[in-house]
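Input: a single structure, listed below in structure tokens.
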Amino acid sequence: MPLTLSDSALDWSLKHGLTWGDTDIFPAIFEFEAISDDWKNVKVSIQTTDMLDWKVRPYRRCLVPKHRFGFRVSTQLDPLDFLVFTALIREIGEKLEACRIPVADNIVHSYRFAPDADGRMFSDKSTYRSFQKASRDACDTYNPSHVVIADIADFFPRLYTHRIDNALDSALEIGHMHSKALKQLIGHWAGAYSYGIPVGSAASRLVAEITISDIDQLLLSEGARYVRYSDDFRFFCKSEGEAYKYLTLIARALIENHGLTLQQNKTKIISIDVFRTKYLRENEKREIETLSERFYELLAEIGIEDTYGEIDYHALLPEYQDAIDQLNLEGILQEQIDEEEPDLSLLKFLLRRLAQLGDTDAIDLIFDNFGKFVPVVRETIEYLLHLETLPAAKKAILGERLIGIYRDEKSTASHLEYSRMYLLRPFALDCDWNSDDQYVRIFNDSLDELSSREILLAMGRSKKDFWFRGRKQNLQGMTAWMRRAFIYGASCLPRDEYKHWIRGVEGQLDGVERAVAHWARKNPIA
4 MPLTLSDSAL DWSLKHGLTW GDTDIFPAIF EFEAISDDWK NVKVSIQTTD MLDWKVRPYR
64 RCLVPKHRFG FRVSTQLDPL DFLVFTALIR EIGEKLEACR IPVADNIVHS YRFAPDADGR
124 MFSDKSTYRS FQKASRDACD TYNPSHVVIA DIADFFPRLY THRIDNALDS ALEIGHMHSK
184 ALKQLIGHWA GAYSYGIPVG SAASRLVAEI TISDIDQLLL SEGARYVRYS DDFRFFCKSE
244 GEAYKYLTLI ARALIENHGL TLQQNKTKII SIDVFRTKYL RENEKREIET LSERFYELLA
304 EIGIEDTYGE IDYHALLPEY QDAIDQLNLE GILQEQIDEE EPDLSLLKFL LRRLAQLGDT
364 DAIDLIFDNF GKFVPVVRET IEYLLHLETL PAAKKAILGE RLIGIYRDEK STASHLEYSR
424 MYLLRPFALD CDWNSDDQYV RIFNDSLDEL SSREILLAMG RSKKDFWFRG RKQNLQGMTA
484 WMRRAFIYGA SCLPRDEYKH WIRGVEGQLD GVERAVAHWA RKNPIA
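Under the numbering used here, think of the first position of the sequence shown as 4, with each following residue one higher.
Below you can see the structure in the form of structure tokens.
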């Protein structure tokens, strides 16, 4: 019997992609807008395929900075694979969630399945902030003398696929068609390896949670008092001996059940006083939790409900301007730059808040110290892109600086394809960044496809129709991600020329490429 995805699950999956993105690591992709425009046809093409026979399409994978000298491999799925994966999880998410430690137990705070009409997959009440609060509550309730901090090393990339299979079978019963379809998808993405799930997709997070839930059940059966956020465990113990008991328990269970290990540099037993000071930071005044709490309090006072929306600083009453000034966001940013190892969570928070405020005063500070911002290059570029008050002339100057960093072999940003991709991102979105005299040379010299795709879109944005005209015949020799970008970028060609070209190649295009072509005719890139 074939497995067909429901209209509601697929519609919700598309809504999730459009509203929340397919990943929190890679740039947003235009393909979802195109698919939405031709959703009726694309959805039919998905629904006429048995999910047990679904063939995965090419994904993008690259090394992404995790901290200054640490990296992880992250994956961006093909748009159709993303929609299928997400829709499968949407259909059986309640069953997976039901197998986890209940939310009411206040133990597991990561990725609690609670889909809403806007496409949000997880509850906004179970977050890292609730994890921090539960940690404080545990300190007050249990009055521990010691706390175990335990962090799993390479959690997503090292999850064994056979353990994922077992977890899905246990939650859904052996032979369940959704379980079979998910196991086949994950197996294809793992390739020749027997471990790893795509890092970055929301659907992957719920799969990881259900896979590791056996550890939660074991810990509770052994009387552990702990809280968890994803791969981060905290045990609250009455003595150092009890702390060591639970540390060895979880270390052994992870190795024997999952082949996973704990990160040596993050795993430790500490006194309750050190835990309160270092991890809860109760005695610090400028740490991120206090800063963010004050920021959100300010928004509530001002009457701003969207905590991520833009804030017109100059339209605020003087007392609110003073309150924001007292937060001293730029001063804290300078302090972090002066640190040998900046707090990356704090850097991300500062960049997002400065973007909301449209604060341009931090630009030179960032460019003069760009090496410190490589681990948060995504948030750095998004900060720049949110500065809508920047005049075109200023964008052009900054564009030259971005190209300079991209080309500078002495810059740490130039040696990682993920960073190079984001350095070129502004040019793909807005022609005001205006380094179009260098685009062709950058494309020809490009070291990776991630960068090539961004600069190809930049050439379309800057109306380099001659470049596309000379390469139309090469379309079928390109990879899937580059073909879709070329089809969109080529919409800078004169309307009739583009229409006739698409008619000539339409029989060679797949469903998503046709959707991109039809959407691009109505919404040309230039």
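Just so you know, even glycine gets a beta-carbon here, dropped at the ideal spot from N, CA and C.
Pairwise C-alpha distance: residue j and residue i
| i | j | result |
| --- | --- | --- |
| Lys-351 | Leu-332 | 12 Å |
| Ala-326 | Lys-398 | 30 Å |
| Thr-164 | Lys-98 | 20 Å |
| Ile-28 | Gly-262 | 26 Å |
| Lys-467 | Tyr-196 | 42 Å |
| Lys-183 | Leu-336 | 49 Å |
| Leu-401 | Ser-274 | 48 Å |
| Lys-46 | Leu-185 | 19 Å |
| Asp-556 | Ile-406 | Residue 556 lies beyond the residue range present for the chain, which begins at 4 and ends at 529; the question has no answer from this structure. |
| Pro-394 | Asn-437 | 12 Å |
| Val-65 | Ala-31 | Reading the sequence as shown, one finds Cys at residue 65 and not Val. Using only the alpha carbons, I get a separation of about 16 Å. |
| Gly-480 | Glu-452 | 14 Å |
| Trp-484 | Ala-358 | 30 Å |
| Trp-15 | Glu-343 | 44 Å |
| Gly-73 | Phe-446 | 28 Å |
| Met-180 | Arg-208 | 20 Å |
| Glu-391 | Leu-349 | 23 Å |
| Asn-286 | Thr-130 | Residue confidence for Asn-286 is low, a pLDDT of 46 falling below 50, so the modelled location carries little weight and cannot support an answer. |
| Trp-57 | Gln-266 | 37 Å |
| Tyr-409 | Leu-368 | 18 Å |
| Ser-242 | Ile-253 | 17 Å |
| Ile-314 | Asp-53 | 47 Å |
| Cys-434 | Asn-526 | 16 Å |
| Ile-155 | Glu-212 | 13 Å |
| Thr-383 | Gly-334 | 17 Å |
| Pro-1 | Arg-524 | Summary: the structure shown does not reach residue 1, with the chain confined to residues 4 through 529, and so no result is reported for it. |
| Asn-372 | Ser-422 | 15 Å |
| Asn-477 | Val-508 | 11 Å |
Residue from the options with nearest C-alpha to residue i
| i | options | result |
| --- | --- | --- |
| Phe-489 | Glu-500, Arg-132 and Phe-471 | Phe-471 |
| Phe-469 | Ala-246, Arg-123 and Tyr-442 | Tyr-442 |
| Leu-426 | Asp-341, Pro-378, Leu-393 and Ala-396 | Pro-378 |
| Gln-220 | Ser-129, Ile-110 and Gly-194 | Ile-110 |
| Leu-13 | Met-485, Lys-43 and Arg-487 | Lys-43 |
| Arg-139 | Ser-454, Asp-276, Glu-338 and Lys-475 | Asp-276 |
| Tyr-299 | Arg-355, Asp-81 and Val-515 | Arg-355 |
| Ile-92 | Ala-117, Arg-410 and Glu-420 | Ala-117 |
| Gly-562 | Arg-404, Ile-258 and Tyr-316 | Residue 562 cannot be examined here, being either before or after the span of the chain that is shown, 4 to 529. |
| Arg-161 | Thr-264, Ala-153, Leu-222 and Lys-241 | Thr-264 |
| Gly-374 | Glu-403, Asp-364, Ala-396 and Glu-412 | Glu-412 |
| Ile-152 | Leu-512, Ser-204, Asp-235 and Leu-496 | Asp-235 |
| Thr-482 | Asp-53, Asp-81 and Asp-439 | Asp-81 |
| Thr-51 | Pro-61, Thr-89, Asp-168 and Leu-8 | Leu-8 |
| Phe-278 | Ser-454, Ala-318 and Ala-141 | Ala-141 |
| Gln-79 | Thr-26, Arg-60, Leu-319 and Cys-495 | Thr-26 |
| Tyr-491 | Ala-101, Asp-439 and Leu-432 | Leu-432 |
| Ser-449 | His-112, Glu-420 and Gly-463 | Glu-420 |
| Glu-245 | Ala-256, Ile-200 and Arg-228 | Arg-228 |
| Ala-303 | Ala-101, Tyr-323 and Ile-505 | Tyr-323 |
| Tyr-114 | Arg-444, Val-210, Gly-306 and Asp-10 | Val-210 |
DSSP bridge partner residues for residue i (one or two, in chain order)
| i | result |
| --- | --- |
| Asp-154 | Asp-235 |
| Phe-373 | According to DSSP, which records beta bridges pairwise, Phe-373 is partnered with nothing at all. |
| Lys-3 | Residue 3 lies beyond the stretch modelled for the chain, which goes from 4 to 529, so this question has no answer here. |
| Tyr-491 | The partner list for Tyr-491 (beta bridge, DSSP) is empty, contrary to what the question assumes. |
| Thr-78 | Arg-64 |
| Phe-116 | Phe-125 |
| Leu-265 | Ile-155 |
| Tyr-198 | Tyr-163 |
| Cys-240 | His-149 |
| Tyr-229 | Phe-238 |
| Gly-73 | His-70 |
| Val-111 | Arg-231 |
Presumed contact (8 Å Cβ cut-off) between residue i and residue j, rounded CB distance
| i | j | result |
| --- | --- | --- |
| Leu-6 | Leu-55 | 5 Å |
| Val-202 | Phe-238 | Incorrect: roughly 26 Å between the Cβ atoms, too far for contact. |
| Tyr-232 | Phe-134 | 4 Å |
| Glu-34 | Val-515 | 6 Å |
| Thr-89 | Ala-206 | 5 Å |
| Arg-464 | Ala-529 | 6 Å |
| Asn-260 | Ile-200 | With a Cβ gap of about 16 Å, Asn-260 and Ile-200 do not count as contacting. |
| Pro-429 | Leu-387 | 6 Å |
Any C-beta of chain D under 9 Å from that of residue i
| i | result |
| --- | --- |
| Leu-283 | Absent from the structure: chain D. Only one protein chain is present. |
> Does the segment 134–154 come close enough to the segment 178–195 that 3 or more CB-CB pairs lie under 8 Å?
Replying inline: Look at the beta carbons and you see the segment 178–195 not touching the segment 134–154: under three pairs across the two are nearer than 8 Å.
> If you pair each beta-carbon of the segment 105–119 with each one of the segment 446–459, do three or more pairs fall below 8 Å?
Replying inline: Contact fails: fewer than three Cβ-Cβ distances are below 8 Å.
>> Quick check: the segment 31–40 against the segment 505–519, are at least 3 beta-carbon pairs closer than 8 Å?
In response: Below 8 Å, enough C-beta pairs join the segment 505–519 and the segment 31–40 to call them touching: three or more.
> On the three-pair Cβ rule with 8 Å, is the segment 118–137 touching the segment 17–31?
Replying inline: At 8 Å Cβ cutoff, the stretches touch.
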